[in-house]
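Novice: Input: one structure, supplied below.
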Amino acid sequence: VLLFPRKFEAKYTQGEKVDARFRFKRSGLQTSHQAINEVKKEKHEKILFPTRILNKSPLCKQRYNTPDKLVLRNRDLNSEQRLAVFGVLSAVSRPSPYLIYGPPGTGK
Numbered sequence: 296v297l298l299f300p301r302k303f304e305a306k307y308t309q310g311e312k313v314d315a316r317f318r319f320k321r322s323g324l325q326t327s328h329q330a331i332n333e334v335k336k337e338k339h340e341k342i343l344f345p346t347r348i349l350n351k352s353p354l355c356k357q358r359y360n361t362p363d364k365l366v367l368r369n370r371d372l373n374s375e376q377r378l379a380v381f382g383v384l385s386a387v388s389r390p391s392p393y394l395i396y397g398p399p400g401t402g403k
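Throughout the sequence shown, residue numbering follows the working numbering, covering 296 to 403 in sequence.
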């Protein structure tokens, strides 16, 4: 989705060609690389990249077939957030950690 300032919309003529340029912010990528370097520095690679798989039971004893069946305290979660909670409780990534990422302020 592209949003344009009102000043641009007021001056733009339908059908007129526009030169658009996009800037890539490297801060998210830098933060990801910093996190990986910290894992290496602290020697926690085996947590993220286990060499053997242990069959562990889910954290939640009650089984859910779909995220829609979850009864959550926060009922304002969107479908992606509900799916993330479902994945954590169902232990879908075990023994690897279930990583949740996204922009700040999005309810992780």
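From the three backbone atoms N, C-alpha and C, an ideal C-beta is built for every residue, glycine too.
Bear in mind the structure is a predicted one, so any value in this text is a computation, not a measurement.
Between the C-alpha atoms of Pro398 and Gly382, what's the straight-line distance to the nearest angstrom?
Specialist: Roughly 19 Å separates the two Cα atoms.
Novice: Which whole-angstrom value is the C-beta distance of Val380 and Leu367, which I expect to be below 8 Å?
Specialist: That belief holds up - the Cβ atoms of Val380 and Leu367 are roughly 7 Å apart, short of 8 Å.
Novice: I need the straight-line Cα distance from Lys338 to Arg370, nearest angstrom please.
Specialist: For Lys338 and Arg370, the distance between alpha carbons rounds to 38 Å.
Novice: How would you label Pro300, buried or exposed, when you count the other beta carbons within 10 angstroms and need 16 or more for buried?
Specialist: Burial call: exposed.
Novice: Between the Cα of Val387 and the Cα atoms of Arg321, Glu311, Asn373, Pro362, which residue gives the shortest distance?
Specialist: That would be Pro362, whose Cα lies nearest to the Cα of Val387.
Novice: Is Arg347 close to the ligand FAD? I mean its beta-carbon at under 7 Å from any heavy atom of the ligand.
Specialist: Absence of the ligand FAD from the depicted structure is noted, as is the absence of any ligand whatsoever, leaving it without description.
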